[in-house]
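Here's the structure, in structure tokens; my notes come after.
In my numbering, the protein residues as written are 602 to 855.
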């Protein structure tokens, strides 16, 4: 198999991880009690917070440092832009969504999809370096990055499909939405392969932009939702579990 075909296969690996995570929805029971819902929502929030820090903000800072840029500027600017973008998007969603639950789920889907775009670009940059032969990146290094992101994507796929099912969507349709949230990764990677010289300088901003979008959704939608109903600490426990799971995955596989 030549290097181009190996790169194409590698680029698809993170998408497989998202699809596997989305498939968790098929193991859900029809009725989920309120306590379990709180844990699931909290888990989703914890995963998104950890992913924002270790998958997006820290890589943004490291890339800025390599580019000789003041490290905190891309992270700060991107975060602000991500939050502002989601505020505008949220107001637009308010004007067209009749049901509050639908708006929350759409914002969750949108933010995770946004998060997948710069991750796909990062994979594309890595395989571009391998194909060029001038960046000192071996095939094994590129594959390890792709596999690491794929494993990280498993809980992210689940936090899309499971809440959709909890809101009454069929398991098959919830799975499809989860899969679609991940299809942007290989698309972004392919585009990056073609436009590496243009994309790489702005990638630190794109990473932190996605982090800002995710943090907004956690703060605006998920945290208030896990405190609905009877007062309970289960949502907070879910946040801690989700945060630890994603943190461990990011540290060990990053």
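The beta carbon of each residue, even a glycine, is placed where N, CA and C say it ideally should be.
Query: Give the secondary structure of residue 668 by DSSP, where H, G and I count as helix, E and B as strand, and everything else as coil.; Result: coil
Query: In angstroms with no decimal places, state the Cα-to-Cα distance between residue 672 and residue 819.; Result: 25 Å
Query: Can you give me the Cβ contacts of residue 811 inside the same chain, cut-off strictly under 7 Å, excluding the 5 residues immediately before and after it?; Result: 657, 683, 715, 716, 718 and 719
Query: Using a threshold of 7 Å, state whether the C-beta atoms of residue 815 and residue 649 are closer than that.; Result: yes
Query: With distances taken from CA atoms, which of 606, 827, 796 and 758 is nearest residue 784?; Result: 758
Query: Please report the distance separating the alpha-carbon of residue 659 from that of residue 640.; Result: 27 Å
Query: Going by beta carbon distance, what residues of the same chain come within less than 6 Å of residue 813, once the five residues before and after it are set aside?; Result: 680, 683 and 684
Query: Excluding the 5 residues flanking residue 645 on each side, which residues of the same chain have their C-beta closer than 7 Å to its C-beta?; Result: 760, 764, 823 and 843
Query: Determine the contact status of residue 747 and residue 614, defining contact as a CB-CB distance below 7 Å.; Result: yes
Query: Using the Cβ count rule (16 or more neighbours within 10 Å means buried), how would you classify residue 826?; Result: buried
Query: Which residues in the same chain have their Cβ closer than 6 Å to the Cβ of residue 817, if we skip the five residues on either side of it in sequence?; Result: 684 and 687
Query: What does the Cβ neighbour count give for residue 741, buried or exposed, with the cut at 16 atoms within 10 Å?; Result: exposed
Query: Would you mind reading off the limits of the alpha helix (DSSP H) that contains residue 815?; Result: 804-818
Query: Between which two residues does the alpha helix (DSSP H) containing residue 821 stretch?; Result: Element bounds for residue 821: n/a, residue is neither H nor E.
Query: Between which residues of its own chain and residue 775 is the CB-CB distance below 7 Å, once the five residues before and five after are set aside?; Result: 626, 762, 765 and 766
Query: In whole angstroms, give me the CA-to-CA distance for residue 670 and residue 800.; Result: 16 Å
Query: How is residue 828 classed by DSSP in three states: helix, strand or coil?; Result: coil
Query: According to DSSP, is residue 746 helix, strand or coil?; Result: helix
Query: With H, G and I counted as helix, E and B as strand and the rest as coil, what does DSSP make of residue 636?; Result: helix
Query: I'd like to know whether the C-beta atoms of residue 724 and residue 790 end up nearer to each other than 7 Å.; Result: yes
Query: Which same chain residues, not among the five before or five after residue 608, have their C-beta less than 7 Å away from its C-beta?; Result: 728, 731 and 732
Query: How is residue 782 classed by DSSP in three states: helix, strand or coil?; Result: helix
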